[in-house]
Structures are given as structure tokens and as C-alpha cells.
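What follows is one structure encoded as C-alpha cells, with my remarks underneath.
Numbering (our numbering), first residue to last: 1399 to 1569.
Structure follows, in C-alpha cells:
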């Protein structure tokens, strides 16, 4: 994966807190990382943190960035930064999670499987509840989003769970 340092978007600063031996709050780490292009070439991702469980275990000293994660984590949570490139789109997909998508810069078009679309502008927040959807950047600038994904059971339609459809390396 290559980084997007030429996209005009800055690298992402990550500051992690924790506790020292006496229980007082401390800064555990700080780093700055660029997003990295995914194989499909339509976006760049940066995994920021994961938890192995929900609720999270604040006694787990694992650096959440180092935990294996797909789009979601079974019984856990994920936060990642996604830079969607101008004129690009994701495939239609659904994950068994509740996703909070926060548009940090630019704008993004969200399309649902019935063809309905909404443009979400900088500062806007999308709450994605296990629905089939795709992302499209119709502008001439990258769109940076923060996604927080928390595992959820599949949506039940007439008592039957809708299937999860997670294309590799997409969100």
C-alpha cells in the first residue's frame, strides 16, 4: 500500500492514554501516520485502534492498531480513517455492525441499495445500521472520514438475518 502524502490531506496524529503503576493517567504513545492506498485504488485507510471486546477492556495493554482487523472485529470495535479519492466509489456492501461515519473534510455521497442517495458534508455524521450501502466521492477533492465500527448481530428481516457482504479492503 502506498500513502496519500500527495493528496493534500495531512497524516493522522494518534495519542493514546493509559495508566501508570500507581493508577494515574499517562500518555502511553503518540504517533503520526499517513493513510495507505488499498488494493482497489479508490481509497486509503489507516487503522487507528481496535478492541477485542465490547464493552472494551481498558486493562488490555495491547496496542489496538496491532490487533488483526478486517472491516470489523468479531465481538469488538474498530476505528479507522478513510480517505476516499475524488471521483471514486466503493462497492455496495453490508457489515454486521453499527458504524458511525464522521466526515472530517470534504463531502461524500452515500447510496443505499434502493438507489436513494444523500450527500453528507464536512462535519456531518452517518449512522450506518447494518444496511447495504456504497460510498461515492463526486467532488474533485479527497474526502476524509473517521469510521467507528462496533459489531452487531445481523439485521433480521421477517425473522431471517440479512447476509453480510464485505468486499475485501473496503468501507
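We treat Cβ as the ideally placed atom computed from N, Cα and C, and that holds for glycine.
Residue i burial status per 10 Å Cβ neighbour count (16 or more: buried)
| i | result |
| --- | --- |
| residue 1481 | buried |
| residue 1495 | buried |
| residue 1441 | buried |
| residue 1451 | exposed |
| residue 1535 | buried |
| residue 1558 | exposed |
| residue 1438 | exposed |
| residue 1474 | buried |
| residue 1407 | buried |
Endpoints, beta strand (DSSP E) assigned at residue i
| i | result |
| --- | --- |
| residue 1495 | 1495 to 1503 |
| residue 1520 | No beta strand (DSSP E) holds residue 1520; DSSP gives it neither H nor E. |
| residue 1414 | 1410 to 1417 |
| residue 1547 | 1541 to 1549 |
| residue 1534 | 1531 to 1534 |
| residue 1476 | 1475 to 1482 |
| residue 1444 | 1441 to 1449 |
| residue 1426 | 1423 to 1431 |
Close-in-space but distant-in-sequence residues of the same chain around residue i (CB under 6 Å, 5 per side omitted)
| i | result |
| --- | --- |
| residue 1514 | none |
| residue 1563 | 1491, 1492 |
| residue 1547 | 1470, 1476, 1495, 1497 |
| residue 1418 | 1424 |
| residue 1553 | 1528, 1560 |
| residue 1503 | 1520, 1542 |
| residue 1399 | Residue confidence is low: residue 1399 scores 46 on pLDDT, short of 50, so the model does not pin down where it sits. No coordinate-derived value is stated. |
Same chain, Cβ closer than 7 Å to residue i, neighbours up to 5 away in sequence not counted
| i | result |
| --- | --- |
| residue 1517 | 1505, 1507 |
| residue 1467 | 1445, 1448, 1476 |
Residues of its chain near residue i, where Cβ-Cβ distance is below 8 Å and the 5 sequence neighbours each way are ignored
| i | result |
| --- | --- |
| residue 1511 | 1490, 1529, 1530, 1531 |
| residue 1431 | 1409, 1410, 1412, 1444 |
Three or more C-beta pairs under 8 Å: does that hold for the segment 1530 to 1542 against the segment 1469 to 1486?
Because the criterion of three Cβ pairs below 8 Å is met, the segment 1530 to 1542 and the segment 1469 to 1486 touch.
Below 8 Å, can you find three or more Cβ-Cβ pairs linking the segment 1407 to 1415 to the segment 1427 to 1435?
yes
For the structure I just gave you, are there three or more beta carbon pairs, one from the segment 1451 to 1461 and one from the segment 1522 to 1531, closer than 8 Å?
no
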